[in-house]
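Student:
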Amino acid sequence: MTVDEEVVLGVVAALSVPLAPLDDAVAGLGRDAGLVAWWGSDVPVDGPVHPTDAGAVLLDVGDATMLRNRVTRQDLYRTGVSPLRRALAGLLLDELALAPTWAAEVVLTKADEARLTEWMRTRLRLTSVVHPDRKLLLTPVRDAMAPGLREDGETARAARDRFTAAAGPRPVRDPSVPFRRP
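Position 82 of the sequence shown, counting from 1, maps to 82 under UniProt numbering, and the rest follow consecutively.
1) What's the gap between the Cα of residue 62 and the Cα of residue 35?
2) The alpha helix (DSSP H) with residue 92 in it runs from where to where?
3) Report the rounded CA-to-CA distance for residue 93 versus residue 19, giving the unit in angstroms.
4) How about residue 38 and residue 116: do their beta carbons lie closer than 8 Å?
5) In three-state DSSP terms, what is residue 103?
6) Between which two residues does the alpha helix (DSSP H) containing residue 197 stretch?
7) Using DSSP with H/G/I as helix, E/B as strand and the rest coil, what is residue 71?
8) Rounded C-beta distance between residue 106 and residue 163? I'm assuming under 8 Å.
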């Protein structure tokens with residue numbers, strides 16, 4: 001199934017509205033399916049500049065089954081489940097003194113997660129659009145908007161690889177020791 005170009009342009013326009021404070025944007029999210037666009041100011045990423053907020057660049061566009069859950073339980077919460085957070089953590093390892101470690105996957109300690117979240121809350125903004133065809137629209141909208149940390153792009157991939165490498169080699173787990181998240 002192809003996506004109507006007018007629909008894509010409408011979604012791009014909806015994701016390019018003037019930026020509100022992050023907490024206001026998050027408070028407005030519902031349980032609907034749709035797309036989110038993450039914009040950042042003073043971030044180490046090259047990306048398209050927001051059409052009305054010149055200091056903000058587009059970091060990523062993602063889709064969500066439930067917009068509120070995507071943002072609050074992934075992107076602003078845990079590095080282990082958010083490609084955006086892993087990419088940002090990889091870019092900010094030195095600046096935020098992050099120390100990734102192995103659990104079931106590479107994760108951050110609670111203190112490091114809190115530092116990254118605070119960094120995100122002070123520099124990032126969010127726009128969203130409710131749309132039931134989120135999966136179908138994701139690629140054409142990403143292509144049209146060209147985010148700097150596009151999940152499948154080289155910059156994001158290199159940053160996530162740096163994040164993983166910073167944890168060192170994967171340790172061999174002793175099955176007699178119960179698993180505990182750092």
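Even glycine gets a Cβ: it sits at the ideal position worked out from N, Cα and C.
Tutor: In brief:
1) The residue you call residue 62 lines up with position 62 of the sequence shown. The residue you call residue 35 lines up with position 35 of the sequence shown. Whole-angstrom Cα-Cα distance: 6 Å.
2) Position 92 of the sequence shown, counted from the start, is the residue given in the question as residue 92. Careful: residue 92 lies outside any alpha helix (DSSP H) and carries neither H nor E.
3) In the sequence shown, counting from the first residue as 1, residue 93 sits at position 93. In the sequence shown, counting from the first residue as 1, residue 19 sits at position 19. When rounded, the distance between both Cα atoms is 27 Å.
4) Here the question's residue 38 lines up with position 38 in the sequence shown. Here the question's residue 116 lines up with position 116 in the sequence shown. Not a contact, by the Cβ cut-off of 8 Å.
5) In the sequence shown, counting from the first residue as 1, residue 103 sits at position 103. Correct three-state label for residue 103: coil.
6) Because the chain is modelled from 1 through 182, residue 197 falls outside the range shown and cannot be assessed.
7) Against the sequence shown, residue 71 aligns to sequence position 71. DSSP, reduced to helix, strand and coil, places residue 71 within a helical segment of the structure shown.
8) Within the sequence shown, numbered from 1, the residue matching residue 106 stands at position 106. Within the sequence shown, numbered from 1, the residue matching residue 163 stands at position 163. So it is a contact: roughly 6 Å between Cβ atoms.
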